[in-house]
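Quick notes on the structure that follows.
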Amino acid sequence: MKVSKAQAAENRQGILDAAARLYRERGLTGVGVADITRDAGLTHGGLYRHFESKDALVREACARAFDWSIAPLDGHTPNASVADRIQSYLSSQHRDAPGTGCPVAALAVDAARAGGELSQVFADGIERNIQRFAQLLADSTPAAPAMPAMPAMPVVSAGTAPQDADEATAAAAAAIHRAHAMQVLATMVGGLVLARATAAAQPGLSEEILTTLQDQLIQWLEAPSAEGR
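Here my numbering is used: the first residue of the sequence shown is 28, the next is one more, and so on.
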């Protein structure tokens with residue numbers, strides 16, 4: 028029986044959703060085509076009517092997972108969303124539900140091993156996360172808190188034109204927010220990976236990792252800045 032365009036699109040979406048979840052739960056090598064099609068309620072052969080290869084499906088599924096993970100950073104609420112994001116990310120709920128969580132914490136090692144086009148999907152997704160989080164930090168903390176080994180704001184000479192001085196200051200501020208975003212995101216991802224790795228054997232240690240990093244990051248964000256915020 029011929030499938031309508033609407034049904035075909037729905038089937039394709041179902042495959043992507045199933046793949047994005049299963050890959051994050053089990054890793055790229057722990058999921059077969061049969062697992063994905065069974066979860067999506069389709070036949071094995073149905074997958075290749077929508078994707079030219081399993082590698083193509085992996086790339087699209089990972090890109091979809093990044094879309095889901097980045098969405099909460101859009102339309103954020105100033106002065107609240109940074110702490111909310113940290114608390115949500117470094118939570119036992121996120122730790123225990125990798126299938127609906129961050130693709131970086133779940134699949135970064137797999138992507139590094141795969142290289143090539145999948146590595147590019149991850150590079151694009153990570154760059155988008157850095158940019159969104161840097162903007163979130165800039166909007167929520169106009170005078171960025173001081174962190175160790177961060178670049179200082181430039182000293183503008185008396186002869187510098189006002190427009191050039193403003194542009195230089197803005198560029199330096201953007202660079203600082205980007206560096207801070209990298210530090211926060213790397214701490215969050217690393218903390219989640221460690222919490223997952225220790226949860227089965229030492230649940231107390233796993234919880235300690237989550238709560239300690241959560242508290243440390245939020246305290247930094249709420250601390251007065253070096254510029255006297």
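Backbone N, C-alpha and C fix where the C-beta goes; we use that ideal spot for every residue, glycine too.
Cut-off 6 angstroms between Cβ atoms - residues of its own chain near Leu237, not counting five sequence neighbours on either side: Numbered from its first residue, the sequence shown carries residue 237 at position 210. Excluding sequence neighbours, Leu237 sits near Leu117, Ala222.
Same chain only: Cβ atoms within 8 angstroms of Arg86, ignoring 5 sequence neighbours per side: Counted from its first residue, the sequence shown places residue 86 at position 59. Answer for Arg86: Glu144, Leu145, Val148, listed in chain order.
Integer Cβ distance of Ile113 from Leu244, believed to fall under 8 angstroms: Locating residue 113 in the sequence shown gives position 86, counting from the first residue. Locating residue 244 in the sequence shown gives position 217, counting from the first residue. Correct: roughly 5 angstroms between the Cβ atoms.
Ala90 beta carbon less than 8 angstroms from that of Gly152: On the sequence shown, position 125 is the one that residue 152 refers to. On the sequence shown, position 63 is the one that residue 90 refers to. Taking a C-beta distance under 8 angstroms as the contact criterion, Gly152 and Ala90 qualify as a contact pair.
Glu257, enclosing alpha helix (DSSP H) - first and last residue: For residue 257 there is no data in the structure shown, the boundaries of the chain being 28 and 256.
Cβ contact (3+ pairs, closer than 8 angstroms) linking the segment 123 to 132 and the segment 41 to 52: Cβ pair count under 8 angstroms is three or more, so yes.
CB contact flag (Leu84, Ala46, <8 angstroms): Stepping through the sequence shown from its first residue, residue 84 is reached at position 57. Stepping through the sequence shown from its first residue, residue 46 is reached at position 19. The Cβ atoms of Leu84 and Ala46 sit closer than 8 angstroms to each other.
Rounded straight-line distance, which links the Cα of His204 to that of Gln162: As a first step, residue 162 is located in the sequence shown; it is residue number 135 there, counting from the start. As a first step, residue 204 is located in the sequence shown; it is residue number 177 there, counting from the start. Going by the C-alpha atoms only, they are around 7 angstroms apart.
Rounded separation between Ala195 and Ala202 - CA only: The sequence position of residue 195 within the sequence shown is 168, counting from 1. The sequence position of residue 202 within the sequence shown is 175, counting from 1. Each residue's alpha carbon lies about 11 angstroms from the other.
Which of helix, strand or coil DSSP assigns to Val58: Indexing the sequence shown from 1 puts residue 58 at position 31. In this structure, Val58 counts as coil in the three-state DSSP scheme.
Reference Ala250, options Gly57, Ala192, Ala110, closest by Cα: On the sequence shown, residue 250 is found 223 positions in, with the first residue counted as 1. Among Gly57, Ala192, Ala110, the Cα nearest to that of Ala250 is on Ala110.
Thr239 (DSSP reduced to helix, strand or coil): One-based indexing of the sequence shown puts residue 239 at position 212. In this structure, Thr239 counts as helix in the three-state DSSP scheme.
Among Ala33, Glu154, Gly231, Arg65, the one whose alpha carbon lies nearest that of Met209: Here residue 209 corresponds to residue number 182 of the sequence shown, with the count starting at 1. Ranking Ala33, Glu154, Gly231, Arg65 by CA distance to the CA of Met209 puts Glu154 first.
For Gln40 and His77, the rounded distance between their alpha carbons: Along the sequence shown, one-based indexing puts residue 77 at 50. Along the sequence shown, one-based indexing puts residue 40 at 13. About 10 angstroms.
Below-8 angstroms beta-carbon distance, Thr225 vs any chain B residue: The chain inventory of the structure shown lacks chain B, comprising one protein chain alone.
Where His121 falls: helix, strand or coil (DSSP): Taking the sequence shown and counting its residues from 1, the one referred to as residue 121 is at position 94. If DSSP states are grouped into helix, strand and coil, His121 belongs with the helices.
Minimum C-alpha distance to Thr214 - residue among Asp242, Thr70, Asp66, Thr64: In the sequence shown, counting from the first residue as 1, residue 214 sits at position 187. In this structure, Asp242 is the residue among Asp242, Thr70, Asp66, Thr64 with its C-alpha nearest to the C-alpha of Thr214.
Presumed contact (8 angstroms Cβ cut-off) between Ser233 and Thr239, rounded CB distance: One-based indexing of the sequence shown puts residue 233 at position 206. One-based indexing of the sequence shown puts residue 239 at position 212. In this structure, Ser233 and Thr239 do not form a Cβ contact; the two beta carbons are roughly 11 angstroms apart against a cut-off of 8 angstroms.
Val211 and Phe160 closer than 8 angstroms at C-beta: On the sequence shown, position 184 is the one that residue 211 refers to. On the sequence shown, position 133 is the one that residue 160 refers to. Taking 8 angstroms as the Cβ cut-off, Val211 and Phe160 qualify as a contacting pair.
Whole-number beta carbon distance between Leu134 and Leu219, since they are thought to touch under 8 angstroms: Translated into the one-based positions of the sequence shown, residue 219 becomes position 192. Translated into the one-based positions of the sequence shown, residue 134 becomes position 107. Contact flag wrong, Cβ pair sits at about 12 angstroms.
Extent of the continuous alpha helix (DSSP H) to which Cys89 belongs: Locating residue 89 in the sequence shown gives position 62, where the first residue counts as 1. Per DSSP, Cys89 belongs to the alpha helix (DSSP H) from 81 to 97.
Among Ala206, Ser31, Thr64, Val58, nearest to Ile42 - alpha-carbon criterion: In the sequence shown, counting from the first residue as 1, residue 42 sits at position 15. When each option's Cα is compared against that of Ile42, the closest is Thr64.
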